[in-house]
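Colleague: Numbering (the numbering used here), first residue to last: 407 to 948.
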Amino acid sequence: MSSKWWQKAVIYQIYPRSFQDSNNDGIGDLQGIIQRLDYLAFLGVDALWLSPVYSSPNDDNGYDISDYQAIGPEYGTMADMDCLIKEAESRKIKIIMDLVVNHTSDEHIWFQEALKSKDNPYHDFYVWRKPVAGGPPNGLKSNFGGSSWTYVPHLDEYYLHLHSKKQPDLNWENPKMKQAIWDMMNFWLEKGIGGFRLDVIDLIGKEPDHEITQNGPKLHDLLQEMNHKTFGNYDVVTVGETWGATPEIAELYSSPDRDELSMVFQFEHINLDKQPGKRKWDLKELNPYELHEVFSKWQIKLDQKGWNSLFWNNHDLPRIISRWGDDSDEYREISGKMLAIYLHFMKGTPYIYQGEELGMINYPVKEIQEVDDLESIQMYNERLKQGYPIDDLITSINAKGRDNARHPMQWDTQLNAGFSAEKPWLPVHSNYRTVNAAAALADENSLFYTYKQLITLRKQFDVITNGEYQIVETNNPLVLAYQRFDDEEELTVVVNFSKTVQKYKVAQTLAEHEILIHNCPERPEQWHQLAPYEAYAVRRSN
Ligand code: NOJ
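1) Return the chain-ordered list of same chain residues with a C-beta closer than 7 Å to the C-beta of Asp779, the five sequence neighbours on each side being excluded.
2) Can you find the residues in the same chain that come closer than 7 Å, C-beta to C-beta, to Thr906, ignoring five residues on each side of it along the sequence?
3) Considering only residues of the same chain and omitting the five flanking positions on each side of Asp665, which have a CB-CB separation below 7 Å?
4) Look at the alpha carbon of Leu449 and the alpha carbon of Lys858, and state the distance between them as a whole number of angstroms.
5) Please return the same chain residues whose Cβ sits closer than 6 Å to the Cβ of Leu505, not counting the five positions on each side in sequence.
6) Identify every residue that forms a DSSP beta bridge with Pro756.
7) When we look at the beta-carbon of Ala453 and count the other beta-carbons within 10 Å, is it buried (16 or more) or exposed?
8) Return yes when at least one heavy atom of the ligand NOJ lies under 8 Å from the C-beta of Arg423, else no.
9) Would you report the Cα separation of Gly887 and Asn526, rounded to the nearest angstrom?
10) Taking the Cβ atom as the reference point for each residue, do His721 and Tyr759 lie within a distance shorter than 9 Å?
11) Nearest to Ser668 by CA position, among Leu568, Tyr659 and His675, is which residue?
12) Is any non-hydrogen atom of the ligand NOJ found closer than 8 Å to the C-beta of Glu781, if you look at the structure I gave you?
13) In whole angstroms, what separates the C-alpha of Gly551 from that of Ile783?
14) Determine the direct distance from the alpha carbon of Pro458 to that of Gln437, and round the result to whole angstroms.
15) CB Leu764 to CB Val645, shorter than 9 Å?
16) With a threshold of 8 Å, establish whether the CB of Glu647 neighbours any heavy atom of the ligand NOJ.
17) On the three-state DSSP scale, how would you describe Gly541?
18) For Tyr757 versus Phe701, is the C-beta spacing smaller than 9 Å?
19) Would DSSP call Met785 helix, strand or coil?
20) Within the continuous beta strand (DSSP E) that includes Val670, where are the two ends?
21) Please list, following the chain, all residues that have a C-beta closer than 5 Å to any non-hydrogen atom of the ligand NOJ.
22) Run through DSSP, which three-state label would Ala827 get?
23) Does DSSP put Ala358 in a helix, a strand or coil?
24) Is it buried or exposed for Met484, if we count other Cβ within 10 angstroms and need 16 for buried?
25) Rank Lys597, Asp512, Arg729 and Tyr532 by C-alpha distance to the C-alpha of Leu745 and give the top, closest one.
26) Could you give the distance in angstroms between the alpha-carbon of Ala586 and the alpha-carbon of Val507?
27) Going by alpha carbons, who is nearest to Gly890 out of Gly478, Ile877 and Trp704?
28) Quick one: what does DSSP say Val841 is sitting in, helix, strand or coil?
29) To the nearest angstrom, how far is it from the Cα of Ile676 to the Cα of Gly650?
30) CB-CB under 8 Å to Pro543, same chain, minus the five flanking residues each way: which ones, in chain order?
31) Nearest to Gly598 by alpha carbon, out of Thr871, Val643 and Glu762?
32) Should Ser462 be labelled buried (16 or more other beta-carbon atoms within 10 Å of its own) or exposed?
33) Please classify Arg442 as buried or exposed, where buried requires at least 16 neighbouring CB atoms within 10 angstroms.
34) Can you give me the Cβ contacts of Tyr748 inside the same chain, cut-off strictly under 6 Å, excluding the 5 residues immediately before and after it?
35) Please tell me whether Tyr460 has its Cβ less than 9 Å away from any Cβ of chain E.
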């Protein structure tokens, strides 16, 4: 079956600030990424999604862009970027840029001009409203907490910001603004990048007067227009961040005949450990079978109609081993392997977040002074005022705070884990002497090699890309299983999503299958019992 390159690809996300510092200022940079390309090529990934490296005052670590066509000096220069694209290409790796076009920084020249007067040509690049009864136009809340309206006295107007007040929202009703974005996107496409990850893209069709933010009525028209004016003319991948997507909405985005995006990041599984209707900070234990049902639903509903992305982590999410595996010394690696095996045989494009392949874990803090992330800090201040106990707030931050993913990459046992010779912008995890890339590469049983093997298997067996998906009942809600099959072959994946021994039953006689991957040293004697976090995938010809 013929597939697009990105349907067979595995994509690696880099958070440049924390990946590799080459000039010892404590902040990762583009030359640092170049130094590590051989490592990434050895892992076998096809493309790198870089979180933003543009000029930015870094109120939200680069998701507040002040110049889309300039590299932030802490990351290097445009010449470094051109070099990265070229060096990556010579290793058959594409570079995917983060496209943040729901908002800019308030320090972007467009917003600086917009502030000057109501008749400035850039004023209408943003969303402005008159005060109502001496206050904000309505009660719309920012995703980071507080009102999403900020008043500008000399204009007697409020501007909209669905994130921090240093991230004013662009006005997607304005054709001149859109043209400026198309030109900017084409500038990057002409450089030969491999695609875009589109930040909070489901917000661009917003209708603030009706308090509609996600999935506004004009969203899909805007994406089709974007596709036709920019990336639709190139063989690139596009992945939208869409917190509000259901499978039906994801089909609109990713159906090949609709000319929108290649795929979206959907977050239904990610929301399973929060209390329904509440925020991510309101914790709830994961029910593994519910997770299995959600994944299975997406596998089946998008089959032949759209395309899935597959991920556990990103720069906004806690580390998956701490979250749904077990980060104790005893189970850290084996639970990490189980999670990887469970995800990587599904249909879709897998994403690996930096350090996931090493089994990096959450970084617990004791007090708010240790936290850098503005979302966590805003939540803390807001809830403290509402009377929440401090201990509960710190527990939530340790479970869900964004810093967990942002501590420096652990390369080796040198000072600061080989990330930088100077004090890093966020401290290195204390486990870096054992959890690091050098140690992982030296141990053929490490989690790194599980990821490498999963990437190789995806390239080897077409059924992983194109086969059908079917849930397999095991008579045990903690043993999750599924099959992938086509006319030629059938794969069965079975994982114990728990810390205890589990018995299970599957209809197939698995003993007759070839083992593709297994996270325990021995071939199991009994196929009806699994050790804690044991996971395997087997294959047979049809
Ligand atoms: C989603 C990004 O992933 C996150 O890091 C950022 O804070 C918001 N969008 C706003 O751009």
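Using N, Cα and C, we set each Cβ at its ideal position, and we do this for glycine too.
Modeller: Short version:
1) Gly807, Arg808 and Asp809
2) Pro938
3) Gln630, Asn633, His634 and Gly638
4) 5 Å
5) Phe602 and Leu604
6) Leu716
7) buried
8) no
9) For clarity, residue 887 is Ala in the given sequence; the question names Gly instead. Rounded to whole angstroms, Ala887 to Asn526 spans 60 Å at the Cα level.
10) yes
11) Tyr659
12) yes
13) 10 Å
14) 15 Å
15) no
16) yes
17) strand
18) no
19) helix
20) Met669 to Phe671
21) Asp466, Tyr469, His569, Asp605, Val606 and Asp722
22) coil
23) Residue 358 is absent from the model: the chain starts at 407 and stops at 948.
24) exposed
25) Arg729
26) 11 Å
27) It is worth fixing the name first, because residue 890 is Arg in this sequence and not Gly. The option with the nearest alpha carbon to Arg890 is Ile877.
28) coil
29) 12 Å
30) Arg535, Lys536, Pro537, Trp555, Tyr564, Pro614 and Asp615
31) Val643
32) buried
33) buried
34) Val901
35) Within the model displayed, chain E is absent; a lone protein chain is all it includes.
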